[in-house]
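Protein sequence lines, in the order shown, are assigned to chains A and B. The opening position of the first sequence corresponds to residue 1 in our numbering, with each subsequent residue numbered one higher. The opening position of the second sequence corresponds to residue 1001 in our numbering, with each subsequent residue numbered one higher. Heads up, the beta-carbon is just placed ideally off N, CA and C, and yes, glycines get one too. First up is the structure itself, then whatever we jot down about it.
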Amino acid sequence: MAMNKQSNLYIFVYSSIMVIVVAALLSLASTALKPFQQKNIETEKRLDILKSVGSAKEVGTARNKHEYVGNEFNKVIVDQYVVNLNGEMVEGINPFDINLKVEFSKTASQQNLPVYVAQMDDESLKYILPLLGRGLWGPIWGYISLNDDFNTIYGASFAHKSETPGLGAEIATTDFQSQFKGKQIFQDGNFVSILVVKGGAQPDDIHGVDAVSGGTITSQGLEYMIKDCLKNYQNFFIKSKELNHERED
Amino acid sequence: MSVKIESEPLFSAKNVKLITDPINRNNPITVLVLGICSALAVTVKLEPSVVMAISVIAVLTIANVVTSLLRNTIPSRIRIIVQLVIIASLVILVDEILKAFAYDVSKQLSVFVGLIITNCIIMGRLEAFALGNKPWPSTLDGLGNGVGYGVILVIVGFFRELLGSGTLWDYRIIPYSFYIKNGGFYENNGLFILPPMALIVVGIIIWIQRSRTKELIEKE
Chain A
1 MAMNKQSNLY IFVYSSIMVI VVAALLSLAS TALKPFQQKN IETEKRLDIL
51 KSVGSAKEVG TARNKHEYVG NEFNKVIVDQ YVVNLNGEMV EGINPFDINL
101 KVEFSKTASQ QNLPVYVAQM DDESLKYILP LLGRGLWGPI WGYISLNDDF
151 NTIYGASFAH KSETPGLGAE IATTDFQSQF KGKQIFQDGN FVSILVVKGG
201 AQPDDIHGVD AVSGGTITSQ GLEYMIKDCL KNYQNFFIKS KELNHERED
Chain B
1001 MSVKIESEPL FSAKNVKLIT DPINRNNPIT VLVLGICSAL AVTVKLEPSV
1051 VMAISVIAVL TIANVVTSLL RNTIPSRIRI IVQLVIIASL VILVDEILKA
1101 FAYDVSKQLS VFVGLIITNC IIMGRLEAFA LGNKPWPSTL DGLGNGVGYG
1151 VILVIVGFFR ELLGSGTLWD YRIIPYSFYI KNGGFYENNG LFILPPMALI
1201 VVGIIIWIQR SRTKELIEKE
């Protein structure tokens, strides 16, 4: 076929066809793979919640990850609800569907704050709170679980979208996360959160953990994340503590 | 047009050279010094290095084949754009597939999958080889260059993870009891975690390679 491949017409037609073909191909792939990706994300979320209380340990060997995590979640998480800034229950919202990013764009008094309650093997209750913040390259998030004194941390799990492997991404390792166990977020009734200390926290520091070497900005983002997210729960902590006392009396 | 294509066997000496050459004498990283940016970024640990190597091999090979198949239709004035579109769509496909079926791996690689698009080796091979050669030699060329890139990545990743974190593939190699903070004598070399050390390791590899392969040394 006598076609001038250098002509503008050819180039226009060629690039138009190319763009349409590529767009069709990519949107097809995206639509077809969406359900699988969605399922992965939901399972991941459940797993992150469970990890913060040290559950779902056999996930590496489970044959069907989705099923295993789903069962484990239903077993361990005995209650989940939404509270507001004043620590009052908010009805009619499923905490699992809450998008923290949307909530944080609202004013503090209108935010819906999810709480997951886990029951451990020794019958004790742990309160799991979601976290969301900014790392160096993108969002970081996680879950932190508190004992029923609403002060001592029982466990934490962190995840990230695009922190550098070996540096900032180390926040997702158990080595880093296990430091949080036993730390306290209140000092004499005042909220102090957890400090991520560059160069290493003192061993007797009950509010501090070691920062990630080479991941200063991620570590700092993590510190802000814990502080910003937990401070909105303060009233909930106080109210729940009173409730617990009444129950004990 | 002559139809004497079949006369050349699939793995003729010339074709085998297409694979073996880029692994040593024409290595994209150590000789051509391409793809350095991703070699610095992903090699902190062994696992992302290996996954990155596999992804690049896949993308480079397929992109080479696609470009080679289209080579007679691509208008030369927009060939770079066409190549970029081919690479970018392949990378997005790889990313979507990883997210759906290998979610953990995709989390590991995070941003680096997207960075394959900017890997100069891929663009370089499409431009220098696939545009002017038939699909089969292009496949071999893509494989060879991908492997040549991957080998260096894995070597660098091996040393950086071992000396920087004391682990390999996240398994602890150097026992905790060796560390100074636990009463031992050993300390991880923090420099290995940082990108400059990758450059130094690549430099050492180039040094060793040149001292063993004399024809790489320039006359003057």
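Bounds of the beta strand (DSSP E) holding G142 (chain A) are 139–146. Using a CB distance below 8 Å, the part of the region 1079–1105 of chain B facing chain A consists of I1081, V1082, V1085, S1089, I1092, L1093, E1096, I1097, K1099, A1100, F1101, Y1103, ordered along the chain. Between S157 (chain A) and K51 (chain A), the C-beta spacing is below 8 Å. C-alpha of L1191 (chain B) to C-alpha of M1197 (chain B): approximately 6 Å in a straight line. L1070 (chain B) has its alpha-carbon roughly 13 Å from the corresponding atom of W1136 (chain B). Going by DSSP, L50 (chain A) is part of the alpha helix (DSSP H) stretching over 8–51. Comparing alpha carbon positions, the residue from A:E88, A:A29, A:K75, A:N84 closest to A1100 (chain B) is A:A29. In the DSSP assignment, Q80 (chain A) falls within the beta strand (DSSP E) that extends over 77–83.
Within chain A, the residues placing a beta-carbon under 8 Å from that of R1077 (chain B) are Q6, I11, ordered along the chain. T1118 (chain B) carries a helical assignment under DSSP once its states are collapsed to helix, strand and coil. Exposure of W1207 (chain B) is indicated by the presence of fewer than 16 other C-beta atoms within 10 angstroms of its C-beta. For V115 (chain A), the enclosing beta strand (DSSP E) begins and ends at 113–119.
Bounds of the alpha helix (DSSP H) holding V1202 (chain B) are 1195–1212.
Taking C-beta separations shorter than 6 Å and ignoring five residues to either side along the sequence, the partners of V1066 (chain B) in its chain run I1086, following chain order. A distance below 8 Å separates the beta carbons of D48 (chain A) and Y143 (chain A). In this structure, the alpha-carbon of E1127 (chain B) lies about 39 Å from that of I217 (chain A).
Secondary structure at Y154 (chain A): strand, using DSSP grouped into helix, strand and coil. With the rule of 3 Cβ pairs closer than 8 Å, the region 1133–1152 of chain B does not count as touching the region 1182–1189 of chain B. Residue state for H160 (chain A) is assigned as strand, using DSSP reduced to three classes. Assigned with DSSP and collapsed to three states, K65 (chain A) falls in helix. In this structure, G1124 (chain B) places its C-beta atom within 8 Å of the C-beta atom of L1034 (chain B).
Annotation for I226 (chain A): the continuous alpha helix (DSSP H) segment containing it runs 216–231.
At least one CB of chain B lies nearer than 8 Å to the CB of F36 (chain A). For a Cβ distance threshold of 9 Å, nothing in chain A lies close to I1155 (chain B): the least Cβ distance comes to about 16 Å. Per the Cβ contact rule, the region 1053–1064 of chain B is not in contact with the region 1021–1029 of chain B (fewer than 3 Cβ pairs under 8 Å). Around S55 (chain A), the same chain offers E72, V76, A118 as residues with beta carbons nearer than 8 Å, after the five sequence neighbours per side are excluded.
Inter-segment contact for the region 160–175 of chain A and the region 60–74 of chain A is absent: fewer than three beta-carbon pairs are separated by less than 8 Å. Taking C-beta separations shorter than 8 Å and ignoring five residues to either side along the sequence, the partners of D149 (chain A) in its chain run K241, following chain order.
For S213 (chain A), a Cβ of chain B is located within less than 8 Å of the residue's own Cβ. Beyond the five residues adjoining it in sequence on each side, V1094 (chain B) comes within less than 8 Å, by CB distance, of S1055, A1058, V1059, V1113, I1116 in the same chain, given in chain order.
Membership of V1066 (chain B) in any beta strand (DSSP E) is not indicated; the residue belongs instead to the alpha helix (DSSP H) covering 1046–1070.
Taking 8 Å as the threshold, the shortest C-beta distance from N64 (chain A) to chain B does not fall below it.
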